[in-house]
Every structure is written in C-alpha cells, then in structure tokens.
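In my numbering, the protein residues as written are 2 to 553. Ideal Cβ positions, reconstructed from N, Cα and C, are used throughout, including at glycine. Take a look at the structure set out below.
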C-alpha cells in the first residue's frame, strides 16, 4: 500500500496543492519555510485521524481538505487480513475537518459517502527527526521487552559478542540518555543483521538504529488495542503477510556526514523493500510477518542525501502568484531519448533544486567567472539563490534547461552568438554580443581603455608575458573567418593596430586558454564597468527571476 497522489487545500501555506508520489521513495526539496516539514506533520495527523490546531488553517472559515489516492493491493488475489472478502486495489478518500470539529470526517472520494474514520488508520506512519527525537517518546518497557526477544533470537543465530562491541555498548550506556536496554537492542540488531563487520562504531550504531526504529514501532503496533495489527496486514495469493508502512525522515543531514546520509537512507529503503534477509527473518519470528511494503518520504536541504533519479524528487516552489505548488518527478512523462538525458545530467543539477533561478553557461571559463561577476554587478548568487551550471557544451544546454523546467525552475541560458540562429526562438535565452565569450571580453576591455588590466590578467594566468603563437592565431582566425597571415604572433603588449584589430590577438590567447582557473582570475579582476554587457544582462535577468513574489 502506498500514497500515489494527494491534494491538500487550506492547510497552512498549502492553499491548494497537488502532489504525485513515487511508490518507493520521495525526496522533498525546496527553499526554507516552504512547507516540507509541515507536509510530514500533516501525514502524521492524517494517519492518526487527529484534528489539526486552528493555526494550521490558511482560512479558518474554510475546512481543510485532503484528497488521497491510495494504491492498496498489488493484485486481485490480495486482501487485508481482517477483510478477506474485499479486494480493492485502489481507493480515493477525502479527509475534511473544520476548525470547530472535534475529529476529522472521512468520505469516499468517488461517491461522497461518509466512511468510518478508522479506515484512514490503515495508514501506518513512522516519522523520524533528529530534532524532535521520537525515540525518547518510547516507553523503556518497550525496549526491555524487545531486548529479551532480540537476546533470545541472537543467541540462537549468532556467535559470542566481540570485545569491541561490548566496550562500545558500555560506553553508550554510560553517556547516553536512554535506558540500557535501548543500547542493548541496537547491538543485538547489529549482530543479527550482520553489521558487526563494519569497521567504525558509528556506522554500526546508526545502521542498527534504523532497524530498531522500525522494529520498535512494529512491536507497539502488534500490542496496540486501539488499532489491531490485523487491521493493516496485507495477505498475498501465497498466504504471505506484509505490513504496509510509510516512513518519513526529516533532515537526515543533521549529525551525519555525506556517506552516512546516503548509507542510512539506502538502508531504510532496503528494509522497506525486504532486501535484508536477516531482517525479514526477524520480522517473521517476532511478528509473523513475511516483510514490509514501505514508502519513504525524506525532507532534506542537503544535496548529499539526494538520490540520482529525478523520478524520486518532489520540489516545492512558489508560482507567480506566490502560491506553493509541487513539481513531481513521478509525474513527468517524457520519451526515452529525453529521459536518457534527464538521468545523465541529473547529478549535475541537484543543487539547482534548492535555487530560485538558474544560469546555464557553455564552458569552464564562464563558469569560473560568473559568480564573481554577480557579486561585482550587485547580484550576489548565494543571497539571491541563483545556481550556476556549466553545461559543458552548447548541445547540452537545451537538455539541462528542459530538465530544470520540468521542476519549474526559472532558467536563463547564455549561448555564444554563433549559434543564435538555432536558439533565438527559445524562451529565457541570451547571447553574447560578439561571436563568443572571449570576443565580448577582449573587445569590451579594449574599447574601455583597459588593455593594461587585460595584460595583467593574462600575465598572471600564464606566469609570464602573455604572447600568441602561430597555432593560437590560426585557431582564432578560423573561428573569426580571418586570414591568419594578417596577424603575426608575438607578445600581446607589442600588438599594434596597423597589424590588424588588436582585440583579435587577445581573443586568440583567451580562445586557446579556456578554463575555470582563468575564469576565476577574470572574475576577481574586472570592475563593474568592465564586465561585458551581455553577461550583465544574463545575471540581472536571473536576479529578477529569483525575486520571491508577494503572496496573492
């Protein structure tokens, strides 16, 4: 069972938002205070059939409405353990609550008929946040009972406890806040799940802690009188019993380095997908379950936590009216060729998912200088939330731009003017005034009497006096369709107007020495009036797009 889509109305800053979810894992991204953690909070209230406090209503005069599309069963041969006669594969329900209601009301989304509120409690939801520490809300008696169960299971399946683990568990008991049984459970699980081969104690602790959180919640469900476990268990055609779970993790980056963030999230997915045989065996022996059917929701501000698949990403953003909307990777419908490029380029654009606007440039030199240009012209990229991406070539810009626009990111792209004919009808596209970046730079500096400043940049970059070679001149003249015989190579400072336009010599050197280091040096050296106008236009356009609109 999993959430396939949800429409939320009148909840906090979600005036009216629709989300489509991936059946296995969903990563919620977006700028701060846009409602990501609030969405997880809503899941918790909804799964427990709790009413929401008054300050959660966007308009207290109107009800909060949550329309859910649930995928319940995988085939007509499956059923819920307490209702074997029913085989609904999908269902749409609507949860409504007014500010004066004591409890929410549940309706069939198709017929409008009111349903028993307990139906929504088939959703089993587990949340974790490093800030709120849900582990502390579990009674010590639960950990003690689990300790006995795990000790018996471990004794019959594993060998003696290594001394390293004994020492670490004693250390945790001495400095920790929890009952000693909590730490005992972690280390029993590390043995049971074959995690003792990990060479770092923190790895062992955090990985086992993920399993303990699930085991603890399942144990409490199994002993709950309010919502019996049988109310939720799905039985397949072979008689195997599965427990549907929705798990959320809020900000896994807190206290965890990048490798551990990914390791923890991957392990949660392994547990939810029944990819750990020992964990499945433990579920079977302790609770009579053959596995889980899980869906993961992750809220993160860290690109290190993000999965490299656009289909698992859900980005919250403000539209032009200032309303919060969702761009859901699970709902993208693209052909195979575009999808190939989406997957190929996605790792490069993770950071852009948190931006307010994006600038795409063709090469390394532009990439090295544009962020510094932004500061120089009064549009600091970090403050505005502007992400700069090197497309590594003109042909990739359109593909990356398409991916970003799927996620409703405002994008501006800077092309060299020599490809203007092919791209001039595209939206959000800018071009250099000259043939390319290097021409704009050399012409602007010389036209404004800044030849000595350009000489200094080149001399620093090459570690001596800048000079052109025959190959440099030949390459540049081929680009500019000029005769290289008209431009004798030599030191740049000796180039004279009677030998041809001086800017061609500087263009030749810059065109043959592209790179991010040169770009950084250019960005650090140019004053505001020296930044070529074409670059200023692009940066200012990105700044305007990054301006957060006032809410309607």
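Closest Cα partner of residue i within the set the options
i, options, result
"residue 531", "512, 314 and 449", "449"
"residue 132", "254, 352 and 269", "254"
"residue 151", "291, 282, 106 and 381", "282"
"residue 513", "519, 119 and 473", "473"
"residue 547", "181, 385, 221 and 216", "385"
"residue 272", "300, 225 and 210", "210"
"residue 441", "28, 534, 397 and 11", "534"
"residue 58", "39, 45, 74 and 72", "39"
"residue 352", "378, 252 and 305", "305"
"residue 10", "436, 37, 372 and 63", "63"
"residue 444", "428, 395, 417 and 505", "505"
"residue 510", "544, 538 and 466", "466"
"residue 120", "109, 391 and 476", "109"
"residue 28", "307, 478 and 422", "307"
"residue 185", "208, 215, 115 and 149", "149"
"residue 156", "188, 291 and 490", "188"
"residue 459", "477, 516 and 66", "516"
"residue 621", "496, 404 and 90", "There is simply no residue 621 to check, as the chain begins at 2 and stops at 553 in what is shown."
"residue 111", "141, 76 and 68", "68"
"residue 491", "72, 99, 528 and 469", "469"
"residue 219", "502, 422 and 280", "280"
Identity of the residues DSSP links to residue i by a beta bridge
i, result
"residue 388", "359"
"residue 6", "21 and 70"
"residue 414", "361 and 430"
"residue 26", "297"
"residue 40", "Residue 40 is not bridged to any residue."
"residue 236", "80 and 242"
"residue 314", "28"
"residue 333", "Per DSSP, none; premise fails for residue 333."
"residue 442", "DSSP lists no partner for residue 442."
"residue 127", "248"
DSSP three-state assignment for residue i, whether helix, strand or coil
i, result
"residue 96", "strand"
"residue 63", "coil"
"residue 251", "strand"
"residue 217", "helix"
"residue 84", "strand"
"residue 492", "strand"
"residue 49", "coil"
"residue 553", "Confidence is the limiting factor: at residue 553 the pLDDT is only 42, short of 50, which leaves the residue's position unreliable, though a coordinate-based value still follows. In the structure shown, residue 553 sits in coil (DSSP, three-state: anything other than H, G, I, E or B)."
"residue 447", "helix"
"residue 482", "coil"
"residue 346", "helix"
"residue 227", "coil"
"residue 197", "Because the pLDDT of residue 197 is 47, which lies under 50, any placement of that residue in the model is unreliable, and the number read from its coordinates should be weighed accordingly. Coil, per DSSP."
"residue 408", "coil"
"residue 263", "helix"
"residue 395", "helix"
"residue 419", "helix"
"residue 1", "Outside the displayed span of the chain (2 to 553) sits residue 1, for which this structure offers no information."
"residue 437", "coil"
"residue 378", "coil"
"residue 468", "strand"
"residue 537", "helix"
"residue 103", "coil"
"residue 133", "coil"
"residue 91", "strand"
"residue 517", "helix"
Outcome for residue i when other beta-carbon atoms lying within 10 angstroms are tallied against a minimum of 16
i, result
"residue 309", "exposed"
"residue 200", "Here the model assigns residue 200 a pLDDT of 48, short of 50, so the residue's position is not dependable and the matter cannot be decided."
"residue 85", "exposed"
"residue 206", "buried"
"residue 289", "exposed"
"residue 104", "exposed"
"residue 118", "exposed"
"residue 402", "buried"
"residue 345", "exposed"
"residue 553", "Residue placement at residue 553 is flagged as unreliable, the pLDDT there being 42, under the threshold of 50; the coordinate-derived value follows with that caveat. That one is exposed."
"residue 198", "Residue placement at residue 198 cannot be trusted, given a pLDDT of 49 that sits under 50; what the coordinates show is reported in the next sentence. So residue 198 ends up on the exposed side."
"residue 1", "Nothing can be reported for residue 1, as the shown portion of the chain is limited to 2 through 553."
"residue 23", "buried"
"residue 518", "exposed"
"residue 375", "buried"
"residue 414", "buried"
Pairing CB atoms from the stretch 322 to 335 with CB atoms from the stretch 359 to 373, are three or more of them under 8 Å?
-> Taking 8 Å as the limit for Cβ pairs, the verdict is that the stretch 359 to 373 does not touch the stretch 322 to 335.
Okay, do the stretch 292 to 301 and the stretch 244 to 251 touch, 3+ Cβ pairs below 8 Å being the bar?
-> Two segments are said to touch when three or more pairs of C-beta atoms, one from each, lie closer than 8 Å; by this definition the stretch 292 to 301 touches the stretch 244 to 251.
Is the stretch 41 to 49 close to the stretch 331 to 339, with three or more CB pairs under 8 Å?
-> Below 8 Å, too few C-beta pairs join the stretch 41 to 49 and the stretch 331 to 339 to call them touching: fewer than three.
Does the count of Cβ pairs from the stretch 237 to 248 and the stretch 120 to 129 closer than 8 Å reach three?
-> Cβ pair count under 8 Å is three or more, so yes.
Between the stretch 383 to 400 and the stretch 312 to 320, do at least 3 Cβ pairs fall closer than 8 Å?
-> Contact fails: fewer than three Cβ-Cβ distances are below 8 Å.
If we count Cβ pairs, one from each stretch, closer than 8 Å, do we get three or more for the stretch 76 to 85 versus the stretch 224 to 234?
-> Contact between the stretch 76 to 85 and the stretch 224 to 234 is present, because at least three Cβ pairs lie under 8 Å.
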